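Heads up: the structure comes next, in structure tokens.
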Amino acid sequence: MPHRRLTTMLLIVFMAVLLLGIAGCAEEPPPPTPTPEPTVTSIPTHTATPTITPTPTATPTPTPDPYVSPLTGQRVDDLSLLQRRVLAVRVGNDPNIRPQDGLGLADIVYEEIMDGWTVTRFTALYLDSEAERIRPIRSARLSGLYIAPQYNAALAHTGASDRIRWLISQATDFQDLDEFFHPRPYAILYGYDWRGRIYTSVKSLRDYLESRELDPHEMIEGYSFDVTP
857 MPHRRLTTML
867 LIVFMAVLLL
877 GIAGCAEEPP
887 PPTPTPEPTV
897 TSIPTHTATP
907 TITPTPTATP
917 TPTPDPYVSP
927 LTGQRVDDLS
937 LLQRRVLAVR
947 VGNDPNIRPQ
957 DGLGLADIVY
967 EEIMDGWTVT
977 RFTALYLDSE
987 AERIRPIRSA
997 RLSGLYIAPQ
1007 YNAALAHTGA
1017 SDRIRWLISQ
1027 ATDFQDLDEF
1037 FHPRPYAILY
1047 GYDWRGRIYT
1057 SVKSLRDYLE
1067 SRELDPHEMI
1077 EGYSFDVTP
């Protein structure tokens, strides 16, 4: 019995050795095919070309012509005509006193609605223009307190309401030439009623300003004009 067991064990060992030998003689499997690495294709990067900003060219500022009127844009031959105080003259427009004198010679004319919304009145500005007679001179209103300071003007008028006269007396940015306080440059033209008989002239007003040293002889800034045809 022991002999048989030994024989069996030897047989088992022999078979195991035989199997191992067969396995060792078997052909080795081929090595695995390597997986190819992905090819990285470089995409060309667009290089931005810097935009050259043109250097701005300074536009030369034209030198204003001192001989051009700041009120009309018209050129004058005598510079002293523009170095005078602007005259702001109150002119009536009642139907019975028309046509007015000297109104069409003004450099600028303002018109405003007056009493009852039926009658208007003018503020005529004179700088380099001349008028031998300006008629009829009428009273000042609130508008004069806004127009005259724009030009540092001399406001020529025949009185005003108490309130307006007081406001004018407090103003320092224009010269008041109320006929009541400054009668010399005014005169009476008979044949008209009280609304149309008082008149003056550019020369009379300027002579009076000179005699009282009320003309600073300064250039005003005025308006800008386009000289392009």
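Quick note: the sequence shown, position 43, residue 899 per my numbering, numbers continuous.
Glycine is no exception: its CB is placed at the ideal position from the N, C-alpha and C atoms.
Because the structure is a prediction, the values reported are computed rather than measured.
- Task: Determine the DSSP secondary structure at glutamate 986, reduced to helix, strand or coil.
- Result: coil
- Item | alanine 996 versus serine 1080 - alpha carbon distance | 28 Å
- Roughly how far, in whole angstroms, is the beta-carbon of leucine 998 from the beta-carbon of leucine 1033, given that I think they are within contact range, below 8 Å? Leucine 998 to leucine 1033, Cβ: 17 Å. No contact.
- I think tyrosine 982 touches valine 945, with their Cβ atoms under 8 Å apart; what is that distance to the nearest whole Å? 7 Å
- From Leu959, Asn1008, Gln1026 and Gly1015, pick the residue whose C-alpha is nearest to that of tryptophan 1050; which is it? Of the candidates Leu959, Asn1008, Gln1026 and Gly1015, the one whose C-alpha sits nearest the C-alpha of tryptophan 1050 is Gly1015.
- Query: Helix or strand or just coil, what does DSSP make of tyrosine 1064?
  - Reply: helix
- Item | Extent of the continuous beta strand (DSSP E) run through arginine 1021 | Premise fails: arginine 1021 lies in the alpha helix (DSSP H), 1018 to 1026, not in any beta strand (DSSP E).
- CA-to-CA distance, isoleucine 969 to asparagine 952, given in whole angstroms: 17 Å
- Unbroken beta strand (DSSP E) run spanning glutamine 956, endpoints: First-last for glutamine 956: undefined, no H or E at that position.
- Along the chain, which unbroken stretches of the alpha helix (DSSP H) at least 4 residues long are found entirely within the segment 923 to 965? none
- Message: Just to confirm the assignment, what range does the alpha helix (DSSP H) spanning alanine 1004 have?
- Response: 1000 to 1007
- Query: In whole angstroms, what is the alpha-carbon distance linking proline 912 and aspartate 1082?
  - Reply: Near 24 Å, if we compare the C-alpha coordinates of aspartate 1082 and proline 912.
- Using the rule of at least 16 other Cβ atoms within 10 Å of the residue's Cβ for burial, across every protein chain shown, is alanine 882 buried or exposed? Caution applies to alanine 882, whose pLDDT of 48 falls short of 50 and renders its modelled position unreliable; the value that the coordinates give is listed next. Alanine 882 comes out exposed.
- Message: Between the alpha carbons of alanine 1027 and alanine 914, how many angstroms are there, rounded?
- Response: 42 Å
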